[in-house]
Amino acid sequence: MPVIKIHLEHAENDAVVRLADLLRVKPEDVAFAALNRLMLVARERTVQNDIVLTLRWRQDNLPLWSDSAGSVHNYEGMSPAEPEKSKYSV
Numbered sequence: 001m002p003v004i005k006i007h008l009e010h011a012e013n014d015a016v017v018r019l020a021d022l023l024r025v026k027p028e029d030v031a032f033a034a035l036n037r038l039m040l041v042a043r044e045r046t047v048q049n050d051i052v053l054t055l056r057w058r059q060d061n062l063p064l065w066s067d068s069a070g071s072v073h074n075y076e077g078m079s080p081a082e083p084e085k086s087k088y089s090v
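Under full-length UniProt numbering, the final residue of the sequence shown carries the number 90; numbering is consecutive throughout.
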C-alpha cells in the first residue's frame, strides 16, 4: 500500500492529536478525513490556489488551527515552549 507522510510541527500535531482523542480515533483518521474532504472539492480553482498558497506560507508560519499560531512571541515575554491552544481547534 502506498504511504504519504505528513511532517507536522509540534503545535500542529498537538491540535490533531487532541481532535483525534476527542473523537476516539487515531490522528491518521483525522488526516485521512481532511484529505477526503479536500479531494471532493479539489476541482475548484480556489481550492487549487489554496493548496499552492498554503505550501508557500507554511514555510514560515503555523496554520491558525495549530496551538501556537495565536501565541505571543519571545520578545513579548513568553517562551515558544509554552504553546497557547488555538481558538480554532478543540
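Note that CB positions come from ideal geometry on N, CA and C, so glycine has one too. Remember, predicted model here, so these are calculated numbers, not experimental data.
Cα-Cα separation between residue i and residue j, rounded to whole angstroms
i: N74; j: D67; result: With a pLDDT of only 47 at N74, under 50, the local geometry of the prediction cannot be trusted, and the value read off the model is given with reservation. Cα to Cα, N74 sits roughly 15 angstroms from D67.
i: V30; j: V16; result: 7 angstroms
i: D50; j: M1; result: 28 angstroms
i: D14; j: W65; result: 10 angstroms
i: D60; j: K5; result: 20 angstroms
i: F32; j: L38; result: 10 angstroms
i: N36; j: R56; result: 22 angstroms
i: R24; j: R45; result: 34 angstroms
Beta-carbon gap between residue i and residue j smaller than 7 angstroms
i: G26; j: A34; result: The residue asked about is misnamed: residue 26 is Lys in this sequence, not Gly. Not in contact: K26 and A34 (Cβ atoms no closer than 7 angstroms).
i: A11; j: L53; result: no
Neighbourhood of residue i by C-beta distance below 6 angstroms, restricted to the same chain and skipping five residues each side
i: V47; result: V41
i: V3; result: none
Sequence-distant residues of the same chain with beta carbon closer than 8 angstroms to residue i, five excluded per side
i: L8; result: V16
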